[in-house]
Amino acid sequence: MITDIEFLQFKGQLFDASNQSITGVEVVVQFYNINLNSWVSLTEALMIKASKFSHTIEIPDRISTTNQTIRIVREIIKSGGVPTFRIIKFTAEKELPKVIASDFTVSINKEKLLLDINFGTNWLLKNEAIINAKTHVIIASSLRIFEFDNAMLTVEKEKEELLKEKTTVEGQLVNLNTAINSLSQEKEILTSEFNLVRTQAEDKEELLGELNTSLTLLNTQLEEEIQEKKELQEYTTTLENQISVLENTIVELEAKDAENFEAKFLELQKKVIDLERTQENSLQEKEAFLSSIDKLQNDIKISQEAISTRDMELAASQTLIDSLVQKNAKITNELEEIKEFNAIEHPNKLSASKVYGSIVKDVIKADEELLNSKYKLANISLNLKTTVEKGPEGTMLGLIDFESAKGINGAAVSDISIDIVPNPTAIETVGRKMPNLLGLTETAVRKILLDHELKLDAVYHPTNDSNLISGQSFKQSPAPGANIEEGQEVIVIFAKPLN
């Protein structure tokens with residue numbers, strides 16, 4: 001996959017449950033943030049017009065730190081993967097997300113550096129077919145559910161036609177029953193007339209032949225009527241059987257249609273659940289893989305921090321060794337001066353350079369002590385009463401105190417004037433500077449402060465900063481480079497685990 005993608009294009013189609021065009025519905029494109037383990041909105045509300053929606057997002061080279069979502073999308077694409085997206089209906093924040101589509105196809109336009117995400121065509125479900133999950137609601141399907149509704153409408157129409165035929169047959173049956181009742185009444189009337197004629201035949205024998213002829217005719221008509229009645233009964237029975245068959249057919253069709261629709265709906269619902277489970281399993285495997293990578297990176301970072309801490313401790317140890325070497329050299333020089341001082345016949349005799357250096361050091365110390373005072377040292381003039389003689393290291397000055405002055409000839413005493421003025425070309429060395437103690441352990445900090453003749457006030461503060469390790473200093477007072485005094489107390493804050 002080309003990882004230098006500059007644009008994301010989302011598109012798709014949405015129809016209602018009866019496959020009619022939709023306009024005015026607002027939808028939102030969401031992205032699954034694996035770092036937060038949740039869906040976050042990638043776009044504002046998008047309006048669907050004539051059942052279509054399309055939206056393009058630019059992926060800039062420089063992304064603001066506040067826009068973490070598009071940054072994560074860009075990192076997934078650059079790593080060769082495809083982010084997870086879905087389309088939901090724009091609703092209030094407190095409502096469960098109403099998912100329209102989560103399956104999509106991806107294609108790349110190499111010339112435009114565009115990643116095309118197509119959610120295809122989806123149909124809104126009827127209210128009774130909406131699927132309620134724990135974290136969301138599925139309100140649409142990529143399957144053509146309206147075709148099943150059309151089949152059900154066809155069955156309903158056939159059912160109505162059969163019911164109409166049934167009503168017609170029942171009307172015909174009523175008419176047949178009316179005709180049979182009419183024939184029965186006529187039969188009763190004829191029977192009464194036959195009895196009357198028969199009574200009259202006893203009285204009137206001359207009419208017997210005519211009556212016999214009439215009787216024969218009536219019998220013939222009666223047989224014809226009986227035959228017609230039998231045929232009508234058989235036809236009625238046939239119609240009743242046909243009605244029974246039609247009713248059974250209607251019941252079977254209703255049961256079969258209901259069963260087929262329920263079975264197909266359950267099968268579709270099962271497929272949707274299986275797809276959701278497959279997607280959740282894939283997400284869990286992806287999260288586990290990313291978690292193992294994060295853990296490995298964290299272990300490497302901890303190891304590097306431990307190595308860095310060890311290097312700083314070694315550097316602090318080397319600094320301590322260098323300081324001890326300098327102190328040892330200083331003490332050695334002081335011992336040499338003491339030996340030299342004792343080797344001279346008069347204990348108060350020093351070389352002129354050492355006398356001057358000692359005076360200058362005292363002046364510098366006084367100037368440091370008055371650093372924050374309202375008063376400062378200005379030009380200093382000093383008159384010394386001393387003896388002067390030549391020694392192995394040059395001019396030797398014999399400092400005179402009350403006891404030594406008793407045995408010295410006044411003519412041998414010299415009056416020496418020393419003026420001490422600031423040197424504009426000298427490098428400023430007045431004042432102590434606070435060393436940098438950040439990032440060191442307490443042991444290393446104590447060694448450095450000991451070299452600078454300072455005191456430590458150690459404070460351990462709980463923190464969840466992943467950039468700090470336990471026992472590492474991250475704050476100090478005074479700050480590095482500040483002026484300090486000998487014996488001053490320094491506050492250093494060290495990190496310790498939050499729990």
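Count the sequence shown with UniProt numbering and you get residues 1 to 499, in order.
Virtual Cβ for every residue (Gly too), placed ideally from N, Cα, C.
Asked	Found
Determine, using beta carbons only, whether T84 and F31 come nearer to each other than 8 Å.	yes
Where L239 and I138 are concerned, what is the direct C-alpha to C-alpha distance, given to the nearest angstrom?	50 Å
The alpha helix (DSSP H) spanning K52 covers which residue range?	Counting along the chain, K52 falls outside any alpha helix (DSSP H), though it belongs to the beta strand (DSSP E) covering 52-58.
Between the Cα of Q488 and those of S107, H461, P435, spot the shortest distance and give me the residue it belongs to.	P435
Whole angstroms are fine: how far does the CA of S54 sit from the CA of V459?	59 Å
Measuring CB atoms only, is the stretch 488-497 touching the stretch 462-471, in the sense that at least three cross pairs come out at less than 8 Å?	yes
Taking only the alpha-carbon atoms, compute the straight-line gap between E345 and A482 and give it to the nearest angstrom.	Here E345 scores only 48 on pLDDT, less than 50, and its place in the model should not be relied on; the value that follows carries that caveat. If you take the alpha carbons of E345 and A482, they lie about 46 Å apart.
State the beta-bridge partners of Q20 as determined by DSSP.	Q20 pairs with nothing; no bridge assigned.
Are W123 and A50 closer than 8 Å when you measure CB to CB?	no
Can you tell me whether DSSP reads F474 as helix, strand or coil?	strand
Use the C-beta contact count for M396: other C-beta atoms within 10 angstroms, 16 or more gives buried, fewer gives exposed.	buried
Assign A133 to one of three DSSP states: helix, strand, or coil.	coil
Confirm, please, whether the CB-CB distance from L437 to S473 is below 8 Å.	yes
Report yes or no: do three or more beta-carbon pairs, one from the stretch 82-101 and one from the stretch 118-136, lie closer than 8 Å?	yes
By a C-beta neighbour count over all protein chains shown, 10 Å radius and 16 as the cutoff for buried, is L115 buried or exposed?	buried
So who's on the other strand from K11, going by DSSP bridges?	S54, N118
Buried or exposed: where does A479 fall if 16 or more other Cβ atoms within 10 Å of its Cβ makes it buried?	exposed
Nearest by alpha-carbon distance to L8: which of V490, A45, S107 is it?	S107
For Q200 and L190, I'd like the C-alpha separation in whole angstroms.	15 Å
Tell me the rounded alpha-carbon separation between E186 and T220.	15 Å
Candidates L163, G471, N35: which alpha carbon is nearest Q284's?	N35
Here's the rule I'm using: 16 or more other beta-carbon atoms within 10 Å means buried, otherwise exposed. How should A140 be labelled?	buried
Which residue comes first and which comes last in the alpha helix (DSSP H) that contains Q68?	68-78
Exposed or buried, what is V490 when buried is set at 16 or more other beta-carbons lying within 10 Å of its beta-carbon?	buried
Under three-state DSSP, which class holds T429?	Because the pLDDT of T429 is 43, which lies under 50, any placement of that residue in the model is unreliable, and the number read from its coordinates should be weighed accordingly. Reduced to three states, the DSSP call for T429 is coil.
Let's test the definition: count the other Cβ atoms within 10 Å of the Cβ of A426 and tell me whether it reaches 16, buried, or not, exposed.	Here the model assigns A426 a pLDDT of 45, short of 50, so the residue's position is not dependable and the matter cannot be decided.
To the nearest angstrom, how far is the alpha carbon of N281 from that of K271?	15 Å
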